[in-house]
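**Student:**
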Amino acid sequence: ETVWRQADRHRVPRLAFANKMDRTGASWDLVLGELHTTLGATALPVQLPVFEGMTFCGAIDLVTMETLIWNTAMPGGSGDQKVRSGSEFCREPLTGTHPEYARAVAGRDALVQRLAELDDEMMEAFLEAEDAATDGQPAAVAIPADTLRSALRRVTLGNRGVPVLCGSSLRNIGVQPLMDAVIDYLPSPLDRPAPIGTLPNGTTVRVGASADSGALVSTEASQGDLCALAFKVISDIQRGPMVFVRVYSGVLEGRAVLLNVTNNTKERVSRLFQMYGDQAEPLPRITAGNIGVLLGLKHTRTGDTLTLEQTHRRQRGGSPQLEGVALPPPVFFCAIEPESSADEKPLQEALACLLLEDPSLRVSQDVESGQTLLSGQGELHLEVVGDRLRRDFRVRADMGKVRISYRETAGQPATTVLVYDREVLGKRGRATMSVTVLPLPADEVTGRPMLPEIEDDMAEAPLVVNADGNAVTVDLADLTSADAAAPISAADASSGRTLTPDVIAGAVRDGVEAALARGPLLGFPVTHALVRVHGVCLFGADTTAAALRACASQAVGEVLARSQPTLLEPAMRVQIRVPEQHVGTVLGDLGGSARRGRILAMDDDSDGAGDQERQADATVSQRRLLHARVPLAGMLGYASALRSLTAGTGTFTMELHGYGTLSPTQQQAVLKEMRGY
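When you line the sequence shown up against full-length UniProt numbering, it's residues 1 to 677, in that order.
1) Suppose the cutoff is 8 Å on Cβ atoms and the five residues either side in sequence are ignored; what does the same chain contact list for P177 look like?
2) Return the CA-CA distance between R314 and L306, expressed in angstroms with no decimal places.
3) Near L538, which residues of its chain fall below 6 Å by C-beta distance, leaving aside the five closest residues on each side in sequence?
4) What do you get for E569, buried or exposed, if any count of 16 or more other CB atoms within 10 angstroms of its CB means buried?
5) Would you list the residues sitting across from G292 in a DSSP beta bridge?
6) Assuming D443 is part of the beta strand (DSSP E), what are its boundary residues?
7) Taking the beta carbon of H10 as the centre, do at least 16 other beta carbons fall within 10 Å, making it buried, or is it exposed?
8) Measure the CB-CB distance between M433 and C353 and report whether it falls below 7 Å.
9) Among M602, A594, D604, which residue has its Cα nearest to the Cα of G634?
10) Restricting to Cα atoms, I'd like to know which of L626, P195, N201 is closest to T653.
11) Pick helix, strand or coil for R577, following the three-state DSSP scheme.
12) Would you say R23 faces chain B, with C-beta separation under 7 Å as the test?
13) Does the beta carbon of Q113 fall short of 6 Å from some heavy atom of the ligand FAD?
14) Use the C-beta contact count for P13: other C-beta atoms within 10 angstroms, 16 or more gives buried, fewer gives exposed.
15) Mind pulling the alpha helix (DSSP H) runs of 4 or more residues that sit fully within the stretch 275–322?
16) Just list the beta strand (DSSP E) runs in the stretch 10–67, keeping only unbroken ones of 3 residues or longer that don't cross its boundaries, in chain order.
17) Below 7 Å between beta carbons: does that hold for H312 and T409?
18) Return the CA-CA distance between H291 and S270, expressed in angstroms with no decimal places.
19) Going by beta carbon distance, what residues of the same chain come within less than 7 Å of A561, once the five residues before and after it are set aside?
20) Nearest by alpha-carbon distance to G53: which of T42, D22, R171 is it?
21) Taking the straight line between their C-alpha atoms, what separation do you get for D8 and A151?
22) Exposed or buried, G658, counting other C-beta atoms within 10 Å across all chains shown (16 or more means buried)?
23) When burial is assigned at 16 or more other CB atoms within 10 Å of the CB, is P330 buried or exposed?
24) Of all the options D398, T661, A16, which has the alpha carbon lying nearest to the alpha carbon of L186?
25) Would you call F126 buried or exposed, if buried means 16 or more other Cβ atoms sit within 10 Å of its Cβ?
26) May I have the straight-line CA-CA distance separating L656 from R154, to the nearest angstrom?
27) Where does the unbroken alpha helix (DSSP H) through T665 begin, and where does it stop?
28) Using 8 Å as the Cβ pair cut-off and three pairs as the minimum, do the stretch 435–442 and the stretch 410–422 touch?
29) Quick check on DSSP: helix, strand or coil for E92?
30) Enumerated in chain order, which unbroken segments of the beta strand (DSSP E) with a length of 3 residues or greater are wholly contained in the stretch 377–439?
31) What residue range is occupied by the uninterrupted alpha helix (DSSP H) comprising F332?
32) Going by C-alpha distance, which of L499, L548, N466 is nearest V531?
33) Hey, could you find the ends of the alpha helix (DSSP H) F126 is sitting in?
34) Three Cβ pairs or more, each shorter than 8 Å: is that satisfied between the stretch 588–603 and the stretch 634–647?
35) Quick check: the Cα distance between D119 and Q113, rounded to an integer number of angstroms?
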């Protein structure tokens with residue numbers, strides 16, 4: 001159901017395949033009913049199952065009015081071998097004497113009438129066939145197969161209906177017609193709009209589109225600038241990273257030198273392949289609209305954009321970057337350690353491969369313990385990564401308990417003045433500065449920190465907001481020199497020395513960012529804090545960029561420790577889809593003391609186009625969409641709990657909304673759990 005709703009949201013045309021029709025108790029009518037009542041789909045059965053006694057053996061093609069009977073027995077085979085072939089089937093036209101003819105005519109008539117309601121051209125063809133129909137010749141049978149096939153394609157591309165086929169993939173029954181239906185009814189790349197790329201200046205352009213029509217360029221006219229998307233990366237033990245790319249414009253040649261537009265690194269292609277299952281066929285080039293596999297790329301990750309390095313150099317406006325995967329910050333982490341020192345290098349190499357495959361994964365080092373920390377999107381995500389390390393990479397490693405990635409912030413305003421005077425490798429470094437930290441409240445709707453009004457004395461200092469939701473300002477208006485012991489202008493500060501105002505501000509800001517990466521309580525990143533650096537004092541040649549960075553870092557660490565720091569827990573924006581009869585049970589569970597959730601709204605479950613009609617249809621199971629804000633700690637194990645509460649019919653999605661405060665009791669419990677005392 002989740003995948004179906006996503007397809008509705010993005011208006012993706014689709015087919016339905018009723019698999020396992022060879023199972024005892026399989027019901028074709030029940031499948032069609034479930035498609036309508038559960039998914040709200042307009043089912044268009046283009047086949048009917050055929051049985052010999054109780055054995056499923058084929059299907060009736062309602063488009064061509066033929067029977068498709070599979071030969072599932074293999075000469076000389078025994079046991080399961082006899083039912084696994086299915087490579088041969090017999091196609092036979094239906095005639096009036098066939099025992100299944102009446103059933104096929106009824107099925108085709110129902111299909112044509114349903115299509116006529118959804119497609120105007122089909123309605124005209126049906127009316128013409130009725131006028132021309134002779135005695136004993138139903139109008140639905142008189143409609144040509146090509147006309148019916150074209151109508152099915154239009155309805156499918158318009159997301160007004162879903163063709164339904166049947167079969168048994170285990171026995172290879174019905175698979176061949178399914179592949180034909182993919183070609184006949186689903187859109188080709190030319191039927192889809194060209195992707196949008198973003199230039200470095202923020203301008204959006206259509207990639208691989210002609211200026212007139214906006215359609216994708218054809219394979220024959222693919223001499224434009226290369227633009228390709230790495231949509232998947234697989235680590236192969238023999239071949240190394242295998243990068244699957246879709247070329248949207250231009251031609252990708254073997255041995256080409258590429259530029260990764262996403263991370264600005266140069267890559268060299270060693271070989272090109274076309275994959276057929278697990279079989280690789282060498283290619284000389286990949287043209288626009290096609291998919292291939294590149295070998296030799298060392299730094300390309302899933303979602304990166306690739307172009308020719310020489311093309312990028314000559315483009316004044318830069319190369320467009322295609323939209324990759326939106327990556328929310330990780331909210332779970334665990335420690336991972338090799339079982340022995342001999343396993344350390346294989347573990348690091350395996351983690352590097354996984355980082356290329358999965359951009360949502362993060363690997364970091366705990367400075368105090370020296371442990372390697374693995375961060376991901378959920379408990380299951382980290383479990384899958386651990387299983388892959390052991391199964392695919394054969395790495396012997398132990399994974400610790402999955403924990404929540406908290407954040408830290410200032411509890412109240414605080415100010416400190418730090419005098420830095422240290423000698424490193426025989427060179428003295430000196431600097432002095434004042435640092436003030438203020439907690440920033442979070443916006444109730446967006447979860448983002450709310451910036452305060454800029455005071456008059458701070459108006460000249462730029463306010464920089466980083467990815468963690470902190471605001472940093474470096475005020476050089478009161479910059480002083482220890483020699484003069486009086487305020488000097490920023491322009492005079494660098495006279496006779498290599499430090500410029502930009503270098504001073506940059507070094508201080510780097511030191512602040514480094515300190516904000518580790519909070520004073522548990523070492524979690526600091527968020528929702530405003531840091532103002534002012535009163536910077538220089539000491540001639542002893543004040544270097546390194547001294548300024550160190551001074552700023554120590555000052556921020558000191559002022560955070562004085563600000564009565566507090567922990568913040570991730571708060572998730574949760575959407576839960578449940579049948580109407582289970583709403584009360586789910587609401588009671590969310591609002592309990594264990595989950596500490598807050599219900600924001602409850603709507604009818606209507607994601608995609610056409611859901612208005614589905615809600616009005618009494619035959620469709622009514623579902624509700626619950627919006628809630630729940631601490632991440634309350635969502636641990638919620639997938640199994642929701643299945644239990646709704647008899648397996650409820651689903652949920654969640655994303656990071658922001659960070660919320662913990663009560664003193666909750667904070668002490670977290671500190672005790674993390675520290676162990």
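All C-beta atoms, glycine included, are put in the ideal place defined by N, C-alpha and C.
**Tutor:** According to the structure data:
1) The answer, listed in chain order, is Q47, A59, D61, L68, L165, G167.
2) Their backbone Cα atoms lie some 15 Å apart in a straight line.
3) These residues qualify, in order along the chain: S481.
4) Counting Cβ neighbours within 10 Å, E569 comes out buried, since at least 16 surround it.
5) Bridge partners of G292: V245.
6) Per DSSP, D443 belongs to no beta strand (DSSP E) and is neither H nor E.
7) By the neighbour-count rule (16 or more Cβ atoms within 10 Å), H10 is not buried but exposed.
8) No, they are not a contact pair.
9) Relative to the Cα of G634, the nearest Cα in the group M602, A594, D604 belongs to A594.
10) Nearest Cα to T653 within the set L626, P195, N201: L626.
11) In the three-state reduction of the DSSP assignment, R577 falls in the strand class.
12) Considering every chain present, this structure includes no chain B. It has just one protein chain.
13) Ligands in the displayed structure: none, and consequently the ligand FAD is not present.
14) Buried, since its Cβ has 16 or more Cβ neighbours within 10 Å.
15) Listed in chain order, the complete alpha helix (DSSP H) runs (minimum 4 residues) inside the stretch 275–322 are 309–314.
16) For the stretch 10–67, whole beta strand (DSSP E) runs of length 3 or above, ordered along the chain, are 16–18, 43–45, 47–52, 55–61.
17) Remark: C-beta atoms of H312 and T409 do not approach each other more closely than 7 Å.
18) Contrary to the premise, residue 291 reads as Ile rather than His in this sequence. Distance between the alpha carbons of I291 and S270: 17 Å.
19) So the list reads P520, once near-sequence residues are dropped.
20) Ranking T42, D22, R171 by Cα distance to G53 puts D22 first.
21) Cα to Cα, D8 sits roughly 21 Å from A151.
22) Counting Cβ neighbours within 10 Å, G658 comes out buried, since at least 16 surround it.
23) A residue is called buried once 16 or more other Cβ atoms fall within 10 Å of its Cβ, and P330 is buried on that count.
24) Cα-wise, what sits closest to L186 is A16.
25) With 16 or more Cβ atoms within 10 Å of its Cβ, F126 is classed as buried.
26) Whole-angstrom Cα-Cα distance: 39 Å.
27) Its alpha helix (DSSP H) spans residues 664–675.
28) Contact holds: three or more Cβ-Cβ distances are below 8 Å.
29) Note: E92 maps to strand in three-state DSSP.
30) Fully enclosed beta strand (DSSP E) runs of 3 or longer: 397–399, 407–409, 414–424, 427–439.
31) That residue, F332, is in no alpha helix (DSSP H); its beta strand (DSSP E) goes 332–338.
32) Out of L499, L548, N466, N466 has the C-alpha closest to the C-alpha of V531.
33) If you look at F126, you'll find it in the alpha helix (DSSP H) that goes 120–132.
34) Short answer: they touch.
35) D119 and Q113 have their C-alpha atoms some 10 Å from each other.
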